[in-house]
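If you read the sequences in order, they're chains A and B.
The first sequence begins at 1 in the numbering used here and counts up one residue at a time.
The second sequence begins at 358 in the numbering used here and counts up one residue at a time.
Data block below; observations after.
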Amino acid sequence: MTTPDPDAAREAIEYCYEQGWTDGLPVIPATEELVEQFLAHTSRPPDEVLWRMEHLERECTVHTAAINAVMAGCLPEYFPLVLAAWDAVMRDRAAKGGGWQSTSGPAPLIVINGPIRHELEINCTGGIFAAGFRPNATIPRALGLMLRNAFGLVPHVFDQTTQGIPGRWAICFGENEEESPWEPLATEMGLAPGTNALSATLTRTYEFVDNRHTQDPEQLLNDFADTLSRTGSLIFRGQSCGVVFCPEHAQMLAGAGMSKAEVKDWFVEHVGRTETDLRRAGKDGISDSGPGARSASEAERAPADTFTPYFTAGKDVPIIVAGARNAAISMVFRVFGEWSNSSVEIEAAPVAATKGG
Amino acid sequence: MICSDAFKTTADAMAGVQGAPGYQYLTTPHPVAGLTPEQVRERAQDVVDEVARLLAR
């Protein structure tokens with residue numbers, strides 16, 4: 001291999017900037033040959049429409065997705081995961097209903113299960129929310145570029161994000177199945193154990209729970225419940241929040257005899273706030289889905305000690321195990337709308353692609 | 358159409374996508390979400406004459 005010409009590379013990258021194709025970081029210029037290599041990793045036809053936004057009269061095909069996956073810095077073998085990520089997140093009702101243009105600027109959370117995590121060297125352990133791993137960084141970035149370049153969701157115009165969240169196009173990791181005491185997420189969602197699968201949902205924010213302070217599972221769960229019960233994130237009475245447990249926290253709960261379903265049930269029962277708390281934050285008037293963003297009037301108010309649970313059932317509390325054993329630090333995340341509670345099988349590359357590279 | 362004035366850029370772009378660049382619409386001051394029903398009625402009063410004018414064009 002001859003040494004690449006850095007000046008020519010710079011020129012091609014600047015050309016992409018001038019066309020408005022980047023998210024602010026440099027992109028890989030997409031040649032037809034490179035795009036073809038990506039398309040060889042799926043059996044889906046290039047002209048298949050992945051999604052059409054009727055109100056914008058724009059759509060994204062498999063071919064357009066491949067171009068943006070190239071630009072994001074993916075390798076060709078990541079392309080089936082980009083397609084699966086798109087399919088998985090578009091199962092969210094909110095994503096179909098205009099969520100991508102929301103003033104909250106939600107971020108897709110992408111979780112990968114199965115042996116493909118090791119084959120593609122997808123990070124599942126230390127630094128899952130940090131940088132340093134190519135598939136983790138580029139697969140979600142491809143989605144961001146698809147939205148920008150295929151649908152024209154450019155900030156300040158059709159992307160109406162108020163502030164957004166840090167790392168909006170960078171939240172993708174494998175579940176740490178090897179150190180999880182529970183069944184993998186995709187197995188819980190009904191796929192056969194060992195299936196290469198991907199789960200995704202739109203999320204609004206992430207907050208850590210650092211608890212190396214107790215060996216009592218009830219105390220640990222109460223610490224999580226406090227973070228899960230924040231009033232700031234409430235828009236409607238019902239909401240969905242998940243936990244990415246570090247292995248240590250998950251093993252502690254499992255060691256106390258709790259299944260994943262039992263942890264979820266505990267959260268359903270204990271996560272929420274009293275009317276006094278909601279009133280203090282001006283959120284005592286909010287309803288299950290409709291009219292109320294404003295505080296309640298005197299006539300509408302419920303008794304001060306009424307407890308409002310945030311979740312209706314375990315489906316509202318997705319649980320994932322990922323990260324390293326380094327410390328007892330987990331992450332709470334807030335789902336933008338409602339997770340589909342399903343996983344998408346990742347297509348195996350056609351034989352020709354695996355032979356040809 | 359009436360939108361809050363924070364969304365003028367998006368509304369103008371949307372008019373272009375729909376093949377109606379320069380489409381006339383009305384704005385009301387942002388924000389709207391936290392208003393009481395009475396304040397919403399006041400907002401409606403503020404724009405009702407303009408609504409009639411636009412509809413009569």
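Think of the CB as a built atom: it goes at the ideal place given N, C-alpha and C, for glycine as much as any other residue.
Does any residue of chain A bring its CB to less than 9 Å from the CB of residue i?
i                     : result
residue 375 (chain B) : yes
List, in chain order, every chain A residue whose beta-carbon is nearer than 8 Å to that of residue i.
i                     : result
residue 370 (chain B) : 157 and 158
Under 9 Å between C-beta atoms, does residue i make it to chain D?
i                     : result
residue 385 (chain B) : No chain D is part of this structure, whose protein chains are labelled A and B.
From the beta carbon of residue i, is the nearest beta carbon of chain B less than 9 Å away?
i                     : result
residue 56 (chain A)  : yes
residue 290 (chain A) : With a pLDDT of 49 at residue 290 (chain A), under the threshold of 50, the modelled position of that residue is not reliable, and the figure given next carries that caveat. Cβ-Cβ to chain B under 9 Å: no for residue 290 (chain A).
Would residue i be called buried (16 or more neighbouring beta carbons within 10 Å of its own) or exposed?
i                     : result
residue 177 (chain A) : buried
residue 412 (chain B) : exposed
residue 229 (chain A) : buried
residue 101 (chain A) : buried
residue 291 (chain A) : Note that residue 291 (chain A) scores 45 on pLDDT, short of 50, meaning its location in the model is unreliable; the coordinates nonetheless yield the value given after this. When all chains shown are included, residue 291 (chain A) counts as exposed.
residue 414 (chain B) : exposed
residue 326 (chain A) : exposed
residue 328 (chain A) : buried
residue 25 (chain A)  : exposed
residue 33 (chain A)  : exposed
residue 322 (chain A) : buried
residue 316 (chain A) : buried
residue 99 (chain A)  : buried
Assuming residue i contacts residue j (C-beta within less than 8 Å), just tell me the rounded distance between them.
i                     : j                     : result
residue 445 (chain A) : residue 175 (chain A) : The structure shown does not extend to residue 445 (chain A), since chain A is modelled only from 1 to 357, so the question has no answer here.
residue 74 (chain A)  : residue 138 (chain A) : 4 Å
residue 333 (chain A) : residue 203 (chain A) : 5 Å
residue 269 (chain A) : residue 302 (chain A) : With 8 Å as the limit, residue 269 (chain A) and residue 302 (chain A) do not qualify as a contact, their Cβ atoms being about 19 Å apart.
residue 168 (chain A) : residue 105 (chain A) : 6 Å
residue 92 (chain A)  : residue 201 (chain A) : 6 Å
residue 85 (chain A)  : residue 108 (chain A) : 7 Å
residue 27 (chain A)  : residue 72 (chain A)  : 7 Å
residue 40 (chain A)  : residue 353 (chain A) : 4 Å
residue 65 (chain A)  : residue 146 (chain A) : 6 Å
residue 285 (chain A) : residue 309 (chain A) : No, residue 285 (chain A) and residue 309 (chain A) are not in contact; Cβ-Cβ is about 18 Å, not under 8 Å.
residue 70 (chain A)  : residue 35 (chain A)  : 6 Å
residue 129 (chain A) : residue 122 (chain A) : Not really, about 14 Å apart at Cβ, beyond 8 Å.
residue 52 (chain A)  : residue 83 (chain A)  : Contact flag wrong, Cβ pair sits at about 16 Å.
residue 361 (chain A) : residue 173 (chain A) : In this structure chain A extends from 1 to 357, so residue 361 (chain A) is not present and cannot be described.
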